[in-house]
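In the working numbering, the protein residues as written are 4 to 79.
Written as structure tokens, this is what we have:
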């Protein structure tokens, strides 16, 4: 069986406190195909583990935008 799980690293701008990070985490983890989301408010980075067969990078970035924040792919 081929593993279709991958981890996406995203730089998120607009977070002001830990509650912001929690909102983004909950919204991302509610997205079908996302296994886990770890959002760090201090660094402004998120690591999102997801199934490429179910969702994609664009849907993840759109979810962040719909949460009220700006996300961009990073290789940090």
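All C-beta atoms in this analysis are idealised placements derived from N, C-alpha and C, irrespective of residue type, glycine included.
In this text, all values refer to a predicted model and were calculated from it rather than measured experimentally.
How big is the Cα-Cα spacing for residue i and residue j?
i	j	result
residue 35	residue 53	9 angstroms
residue 19	residue 44	7 angstroms
residue 28	residue 78	19 angstroms
residue 76	residue 48	10 angstroms
residue 12	residue 21	18 angstroms
residue 24	residue 32	12 angstroms
Skipping 5 residues on each side, what residues in its chain have a beta carbon closer than 6 angstroms to that of residue i?
i	result
residue 16	73
residue 7	54, 55 and 56
residue 39	52
residue 9	55
Cutting at 7 angstroms between CB atoms, please list the residues of its own chain near residue i, excluding the five before and the five after it.
i	result
residue 58	34, 35, 36 and 37
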